[in-house]
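Enquirer: Quick note: to get the working numbering, add 27 to the position in the sequence shown (first position is 1).
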Amino acid sequence: MKILINRLRKKLQKFGPGIIFASTAIGVSHLVQSTRAGAEYGFALVIFILMANIFKYPFFEFGTRYAYATKESLIEGYSRIGKWVLISYLMITILSMFTVIAAVGFVCSGLISQITGYTDLRIVTILLFVVCFFILFFGRYVLLEDIIKLISSILLVSTLTAFIVCVVNGPTEVSDNFIEPVLRDKKSILFIIALMGWMPTAVDLSTWNSIWTIEKLKISKNSFKEIMFDFRFGYLITIILSLFFLTLGCFLMFGSGEEIPNSSSLFASKLISLYTSTLGDWSYLLISICAFSVMFSTTVSVIDGYSRSMSLTLKNLINVESKKYYFGWLLVSCILPIIIIFNFMNDFKKLIDLATTISFIIAPFCAILNHYLINSKFVSQKFKPSKYLNILSYSGIGFLVIFCIIYFTII
Numbered sequence: 028m029k030i031l032i033n034r035l036r037k038k039l040q041k042f043g044p045g046i047i048f049a050s051t052a053i054g055v056s057h058l059v060q061s062t063r064a065g066a067e068y069g070f071a072l073v074i075f076i077l078m079a080n081i082f083k084y085p086f087f088e089f090g091t092r093y094a095y096a097t098k099e100s101l102i103e104g105y106s107r108i109g110k111w112v113l114i115s116y117l118m119i120t121i122l123s124m125f126t127v128i129a130a131v132g133f134v135c136s137g138l139i140s141q142i143t144g145y146t147d148l149r150i151v152t153i154l155l156f157v158v159c160f161f162i163l164f165f166g167r168y169v170l171l172e173d174i175i176k177l178i179s180s181i182l183l184v185s186t187l188t189a190f191i192v193c194v195v196n197g198p199t200e201v202s203d204n205f206i207e208p209v210l211r212d213k214k215s216i217l218f219i220i221a222l223m224g225w226m227p228t229a230v231d232l233s234t235w236n237s238i239w240t241i242e243k244l245k246i247s248k249n250s251f252k253e254i255m256f257d258f259r260f261g262y263l264i265t266i267i268l269s270l271f272f273l274t275l276g277c278f279l280m281f282g283s284g285e286e287i288p289n290s291s292s293l294f295a296s297k298l299i300s301l302y303t304s305t306l307g308d309w310s311y312l313l314i315s316i317c318a319f320s321v322m323f324s325t326t327v328s329v330i331d332g333y334s335r336s337m338s339l340t341l342k343n344l345i346n347v348e349s350k351k352y353y354f355g356w357l358l359v360s361c362i363l364p365i366i367i368i369f370n371f372m373n374d375f376k377k378l379i380d381l382a383t384t385i386s387f388i389i390a391p392f393c394a395i396l397n398h399y400l401i402n403s404k405f406v407s408q409k410f411k412p413s414k415y416l417n418i419l420s421y422s423g424i425g426f427l428v429i430f431c432i433i434y435f436t437i438i
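1. Can you check which of these residues, F319, A49, K351, M337, is closest to L298 by C-alpha distance?
2. Using a 10 Å radius around the Cβ and a threshold of 16 neighbouring Cβ atoms, would you call V3 buried or exposed?
3. State buried or exposed for M280, treating a residue as buried only when at least 16 other CB atoms are found within 10 Å of its CB.
4. Which residue comes first and which comes last in the alpha helix (DSSP H) that contains S106?
5. For L273, which option in S50, Y311, P198 has the closest C-alpha, if you only look at C-alpha atoms?
6. Between S269 and the rest of its own chain, which residues show a CB-CB distance below 6 Å, the 5 nearest in sequence each way excluded?
7. Report the option in L427, N402, C393 whose CA atom is closest to the CA atom of V112.
8. Using C-beta distances below 6 Å, list every residue in its chain close to G90, excluding the 5 sequence neighbours before and after it, in chain order.
9. Determine the contact status of T51 and T228, defining contact as a CB-CB distance below 8 Å.
10. With DSSP run on the structure shown, which of helix, strand or coil describes V157?
11. So does the region 127-137 actually touch the region 363-381, counting three or more Cβ pairs closer than 8 Å?
12. Could you round the C-beta distance between S386 and G284 to whole angstroms and report it? I think they count as a contact, below 8 Å.
13. Could you check what DSSP says for V151 in three-state terms: helix, strand or coil?
14. Inspect the beta-carbon positions of M78 and F369 and report whether they are closer than 8 Å.
15. Give me the Cβ distance between S315 and I108, rounded to the nearest whole Å; I'm assuming they're in contact under 8 Å.
16. Once you ignore the five residues that flank G137 on each side, which residues in its own chain have a CB closer than 8 Å to its CB?
17. Report the rounded CA-to-CA distance for L358 versus A382, giving the unit in angstroms.
18. With DSSP run on the structure shown, which of helix, strand or coil describes V11?
19. Note down, in chain order, each residue of its chain lying with its Cβ closer than 6 Å to the Cβ of S420, except the 5 sequence neighbours on either side.
20. Reducing DSSP to helix, strand and coil, say where T305 ends up.
21. Using the three-state DSSP reduction, which class does E253 fall into: helix, strand or coil?
22. Does the Cβ of L396 have 16 or more other Cβ atoms within 10 Å, making it buried, or fewer, making it exposed?
23. Whole angstroms is fine: what's the gap from R63's alpha carbon to S140's?
24. What does a CB cutoff of less than 8 Å around A71 pick up in its chain, not counting 5 residues either side in sequence?
25. Could you spell out the range, first to last residue, of the alpha helix (DSSP H) harbouring E67?
26. Quick check on the DSSP output: the alpha helix (DSSP H) that includes W239 runs from which residue to which?
27. Can you give me the C-alpha to C-alpha distance between L263 and W239, rounded to a whole angstrom?
28. Using the beta-carbon count (16 or more within 10 Å), is G445 buried or exposed?
29. Taking the alpha carbon of I362 as the reference point, which residue from M226, C159, N373 has its own alpha carbon closest?
30. Where does F164 land, buried or exposed, given buried means 16+ other C-beta within 10 angstroms?
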C-alpha cells in the first residue's frame, strides 16, 4: 500500500503547468459563460464551444512545446522575432489584462459574498486582492501549483457528480411562455463571440503555459512526453467540463423562464443552486467552498500569469532583472482591477462580455505569432509540430480571423 501511495505521489508531482492552465480556464469561461450558454440557448451553442476548443488548441500547445524545446518562454521567443513584436504584445496585453483580472475577481467576490453573507462587495473585493497579492508575494509558483492541484480535484469530482445526477433527473419543464432564442440576431452573435473568446481561455494566455513550463522544469526533470501529457490532460479536462457546465445550465434553467442574474453575488447564488438542486441541500457547503476555491485559484493564477508575462516582456525590452518588475506588476494587477470592478458593480454580465470579447479580438495576432515561432529556426526539428497539427493551426487562424471580421461587421 505504501509503495502504491508513493508511486501515485510521484505521478502527481509530474503534473503542474497543465493543471494550472485548466484551473485558469475553468473559471469564468466555464462557471459563467458555459452555464449562461446552456441556460439561454440550450444545446444550440455546443458546436461553437467545440469549435473554439479545437481550433485554438494548437496555439496553447505551441506555448508548452516551445518552452520545453528552447528552455525559454514565448515572450523571449517574441523578442527574437523583433522588438516591434514585444511592443505589440505589451500593448495588447495592457489592453486586456485589467478587464480580465477584474472579471474573474468580480465573480470570486460574488461567491465570497454569497458564502459569508457579507453584502458589501467593495470591501470583499479589496480583501480578495490583498490576499492574492500576499500569496503571490511570498508563495510564488510552488504554492500556487500545490493549491490548484487540490482545488481542481475537488471541482472535477463535484461537477461530475452534479452532471450525472442532472442527466438522470432530466431537463426542467419548459414554461408555456418560453420563446426560443434566435441565433442570428446581433445580441446572440455578440454573445457567441464573447463565449468563444475565453473558450477554453484567451489565446494570449498561451505565453503563461510557456512561463509555467519553465518554472516546472526548474524544480523537476520532466521529459517532453510528460510535459505534453500534463498539458493535453489539462486541456481535455477543460473541454469536458465546459460541456458539463453547459448541460447543467441547459437542464436546470433553459426554458424555465429564469434568467441569469446581472449581479455577481446573485449569479453566485444561482450557480450554487444548480448543484444543490441536483445533489441536495446537504451539498451546499461543499459546493460553495468548491466554487469559491476554483474562482479563487483562477484569480490567483490570472494575476500571477499577467505579472510574470509583463515583467518578462519589459525585461526583454530594456534588459533589466524581471523579478523587480514582477512585484511592481503584481501590485498594479491587484489595484487597477478593483477600480474597474467598482465601475461595473451593477452590470456584471457587461464586464464579463467586455473582457471575453477583447480577448477574442486580439487572438489572431497571438495565434499567428505562436505558429510562426514554433516553426522557426529557433526550434529544433524534433520538437516542431506535425503536418496535421500545422494544418489545424492554419485552420485555427482562419477561424479566429473570420469571427473577428464578423464582429467588426455587426457592431
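Glycine included, every Cβ here is placed at the ideal spot set by N, Cα and C.
Expert: Once the coordinates are examined:
1. F319
2. Since the first and last residues shown for the chain are 28 and 438, residue 3 lies out of range.
3. buried
4. 101-108
5. P198
6. H57, S61, I76
7. C393
8. L101, S233, N236, S237
9. yes
10. helix
11. yes
12. With 8 Å as the limit, S386 and G284 do not qualify as a contact, their Cβ atoms being about 31 Å apart.
13. helix
14. no
15. Contact flag wrong, Cβ pair sits at about 46 Å.
16. L148, S290, S291, S292, L293, F294, A295, F375
17. 20 Å
18. Given that the chain is displayed from residue 28 to residue 438, the structure contains no residue 11 and the question cannot be resolved.
19. P85, H398
20. helix
21. helix
22. buried
23. 20 Å
24. P208, L210
25. 62-68
26. 233-246
27. 18 Å
28. What the structure shows of the chain is the stretch from 28 to 438, and residue 445 is not part of that stretch, so it cannot be assessed.
29. C159
30. exposed
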